[in-house]
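When you read off a place in the sequence shown, starting at 1, and then add 5, the result is the number in the working numbering. Presented below is the structure to which this report refers.
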Amino acid sequence: VVCTFAAAAVCGTFSARSQFRFQSCVQKLNCGLSLPPLTMKCHYEVLGLARTAEDDEIKKAYRKLALRWHPDKNLDNAEEANQQFLLVQAAYDVLSDGQERAWYDNHREQILRGGHTNYEDNSVDLFQYFTTSCYKGFGDDGGGFYGVYGEVFHTIASEEIEFLEDEGDFEGIPRFGNSGSDYETEVRQFYGYWEGFCTKKSYAWLNPHNIAEIRDRRILKAIERDNKKVQQKARKERNEEIRSLVLFVKKRDKRVQAYKKLLEERAEQNRIK
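What follows is the structure, encoded as structure tokens:
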């Protein structure tokens with residue numbers, strides 16, 4: 006998940022104090038070097054921290070990385086060190102200031118993907134899977150029902166990773182499984198999760214307004230409301246697409262059909278008793 010120091014500075018996440026320190030830092034560190042544009046990176050990622058990091062964790066991470074990338078200690082790798090040091094300093098300037106950190110947290114996704122970015126949403130096109138012609142048979146092979154939809158749902162889950170607060174949550178997303186997956190321990194969990202799927206994607210890249218261009222905070226709130234409406238609409242549409250696909254798949258899933266038949270047989274046996 007990414008957001009640059011430079012972009013954040015432009016977006017107004019820094020106070021005049023922070024911007025002055027940044028400019029001074031650039032003047033001192035460039036030393037006549039022609040540096041490439043600062044790499045896009047989230048402040049938390051730069052410091053190797055979770056977004057819930059405490060103040061002491063931020064300070065400790067900053068000291069460690071500032072020492073590691075200080076130009077005086079990287080004379081043989083001056084260009085990269087200069088760039089990394091600026092990123093570390095930038096991240097600390099924002100995250101160590103309560104007010105600036107709060108603003109950054111509240112606008113992180115908009116800074117990250119909002120406005121006129123080149124971000125491309127490469128989400129899998131689901132409509133091609135709303136047909137029985139997309140698979141052949143009910144095997145586990147690549148072209149079979151379980152192979153095809155197993156890959157589809159794995160891809161959808163993978164697309165969510167960069168939007169999860171903890172990437173470890175990806176492992177908790179139920180997998181589609183295969184033709185031999187047990188219904189009660191695997192299949193039920195899969196459908197229980199995916200029938201109520203809610204994407205974590207922000208869709209901030211669809212924002213009609215670029216908050217970086219807004220300086221008047223009175224206007225900013227109205228702009229953010231418009232952006233949020235667009236994001237919410239996109240999320241709703243994606244959720245509906247995925248949930249509809251889940252229902253399409255479930256209706257044809259032999260494991261579900263077999264379990265329903267088992268329940269019917271049990272009910273009949275109980276009736277006879």
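We treat Cβ as the ideally placed atom computed from N, Cα and C, and that holds for glycine.
Please determine, among the options, the residue with the shortest C-alpha to C-alpha distance to residue i.
{"i": "Trp-74", "options": "Ala-239, Leu-91, Gly-173", "result": "Leu-91"}
{"i": "Lys-141", "options": "Val-153, Leu-131, Asp-130", "result": "Val-153"}
{"i": "Phe-143", "options": "Leu-267, Asp-258, Tyr-208, Gln-262", "result": "Asp-258"}
{"i": "Phe-168", "options": "Tyr-208, Tyr-151, Lys-233", "result": "Tyr-208"}
{"i": "Arg-193", "options": "Ala-239, Tyr-264, Asp-126", "result": "Tyr-264"}
{"i": "Glu-242", "options": "Phe-202, Glu-50, Glu-273", "result": "Phe-202"}
{"i": "Ser-186", "options": "Val-254, Glu-164, Val-261", "result": "Val-261"}
{"i": "Asp-60", "options": "Ser-101, Glu-273, Val-93", "result": "Ser-101"}
{"i": "Thr-137", "options": "Lys-256, Glu-273, Lys-266", "result": "Lys-256"}
{"i": "Lys-206", "options": "Phe-181, Ile-178, Asn-244", "result": "Asn-244"}
{"i": "Pro-76", "options": "Lys-65, Gln-89, Ala-66", "result": "Gln-89"}
{"i": "Thr-204", "options": "Ile-216, Glu-189, Gly-173, Glu-246", "result": "Glu-246"}
{"i": "Lys-46", "options": "Ala-66, Arg-113, Arg-106", "result": "Arg-113"}
Pop quiz: residue i and residue j are said to be a contact at Cβ under 8 Å. What is the actual Cβ separation, rounded to whole angstroms?
{"i": "Tyr-196", "j": "Val-157", "result": "The Cβ separation is near 14 Å, so there is no contact."}
{"i": "Gln-170", "j": "Arg-56", "result": "Gln is not the amino acid found at residue 170; the sequence shown has Glu there. Right, the Cβ-Cβ distance comes to about 6 Å (below 8 Å), so this counts as a contact."}
{"i": "Ser-184", "j": "Tyr-151", "result": "5 Å"}
{"i": "Leu-211", "j": "Gln-236", "result": "7 Å"}
{"i": "Val-51", "j": "Ala-96", "result": "4 Å"}
{"i": "Tyr-109", "j": "Val-99", "result": "5 Å"}
Starting from residue i and walking both ways along the alpha helix (DSSP H), at which residues does that stretch end?
{"i": "Tyr-151", "result": "150–165"}
{"i": "Glu-176", "result": "Run containing Glu-176: none; DSSP gives neither H nor E here."}
{"i": "Tyr-208", "result": "Note, Tyr-208: premise wrong, no alpha helix (DSSP H); not H, not E."}
{"i": "Val-279", "result": "The requested residue 279 does not occur in the structure, where the chain is confined to residues 6 to 278."}
{"i": "Gln-94", "result": "83–100"}
{"i": "Gly-2", "result": "Given a span of 6 to 278 for the chain in the structure shown, any question on residue 2 remains unanswerable."}
In the structure shown, what three-state DSSP assignment does residue i receive?
{"i": "Asp-258", "result": "coil"}
{"i": "Ala-58", "result": "coil"}
{"i": "Arg-223", "result": "helix"}
{"i": "Asn-215", "result": "coil"}
{"i": "Tyr-188", "result": "helix"}
{"i": "Ala-12", "result": "At Ala-12, the pLDDT of 37 sits below 50, so the modelled position is not reliable and the matter cannot be decided from this model."}
{"i": "Phe-253", "result": "helix"}
{"i": "Gly-103", "result": "helix"}
{"i": "Lys-238", "result": "helix"}
{"i": "Cys-139", "result": "helix"}
{"i": "Phe-202", "result": "coil"}
{"i": "Leu-267", "result": "helix"}
{"i": "Asp-145", "result": "coil"}
{"i": "Lys-278", "result": "coil"}
{"i": "Trp-72", "result": "It is Leu, not Trp, that sits at residue 72 in the sequence shown. Reduced to three states, the DSSP call for Leu-72 is helix."}
{"i": "Glu-273", "result": "helix"}
{"i": "Glu-170", "result": "coil"}
{"i": "Phe-132", "result": "helix"}
{"i": "Asn-232", "result": "helix"}
{"i": "Asn-244", "result": "helix"}
{"i": "Asn-183", "result": "coil"}
{"i": "Asp-110", "result": "helix"}
{"i": "Asp-77", "result": "helix"}
Please determine whether the Cβ atom of residue i lies at a distance below 7 Å from any heavy atom of the ligand MG.
{"i": "Glu-170", "result": "Although the ligand MG was asked about, the structure shown includes no ligands whatsoever."}
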